[in-house]
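These notes are about the structure you will find just below.
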Amino acid sequence: MSKADLHYLFKLFKQTLMRMPVSDAHDLWHMAMEFFSSQRAYFDQILDILGNVISVGGGGRGGATLACTALDWVLQNQGVRCAREMYNRLLALPGPSLDFYKHCITFESQLAAVGCEEAAQNMCKLYDSALKLYEQNIELWLDYCAEELKAGRSDAASSVYWRARKTLKDSTAFIEAFQSLQN
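First residue of the sequence shown? That's 682 in the numbering used here, and the numbers climb one at a time after it.
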């Protein structure tokens, strides 16, 4: 395929992806990512378009789902480093969704489970970043505590526990659920 043809197809994808609601365009996004995956400059632009669509509010829950799908695709096809670059890019946009944060946390948690120390650190950073936006989310606090306990870091879990107690407006449900984590 010539460079001119490739550029023409990119422009066509770009125009279509920017105009279609995210909820209607999942297959098209996947097709664009797959098609341009071997063309790094175009692929990066596809991710920029995705970020733009998500940041202007056109994403909603569909945008979070698409971001998760894109992260999985990048991980599978381009590796851990590229996946981290991508999720950092999307998390830097205004108002990243809790669902996308959880997906990134799961990604790092799976790597940490196989002994990647960097992943454990990244997971904690993701939890801390998510909790800045979603500080009243009891489930997120509990998940963070559970991850720390699972990793054998009881001191870190205690620290998260006390932060949660200070931060949550009503920590009763959190305290009860945390006690069941320890049993």
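Even glycine gets a Cβ: it sits at the ideal position worked out from N, Cα and C.
Taking the beta carbon of residue i as the centre, do at least 16 other beta carbons fall within 10 Å, making it buried, or is it exposed?
i: Tyr-723; result: buried
i: His-784; result: buried
i: Asn-769; result: exposed
i: Pro-775; result: exposed
i: Gly-744; result: buried
i: Asn-803; result: buried
i: Trp-843; result: exposed
Hey, could you find the ends of the alpha helix (DSSP H) residue i is sitting in?
i: Glu-816; result: Taken as a continuous stretch (DSSP letters only), Glu-816 belongs to no alpha helix (DSSP H), as it is neither H nor E.
i: Asn-769; result: 761 to 772
i: Ala-858; result: 853 to 863
i: Arg-834; result: No alpha helix (DSSP H) holds Arg-834; DSSP gives it neither H nor E.
i: Leu-709; result: 707 to 717
i: Gly-732; result: 721 to 734
i: Leu-698; result: 684 to 700
Since residue i contacts residue j with CB under 8 Å, what's their CB separation in whole angstroms?
i: Leu-862; j: Leu-807; result: At roughly 20 Å, the Cβ-Cβ gap does not stay under 8 Å, so Leu-862 and Leu-807 are not in contact.
i: Leu-792; j: Val-761; result: 7 Å
i: Leu-772; j: Ser-736; result: Actually they do not touch by this definition, with Cβ atoms about 11 Å apart.
Consult DSSP for residue i and reduce its assignment to one of helix, strand or coil.
i: Ala-801; result: helix
i: Val-795; result: coil
i: Lys-850; result: coil
i: Ser-840; result: helix
i: Ser-704; result: helix
i: Ser-810; result: helix
i: Ser-778; result: coil
Inspect the CB distances between the segment 793 to 806 and the segment 751 to 760 and report whether three or more fall short of 8 Å. Contact fails: fewer than three Cβ-Cβ distances are below 8 Å.
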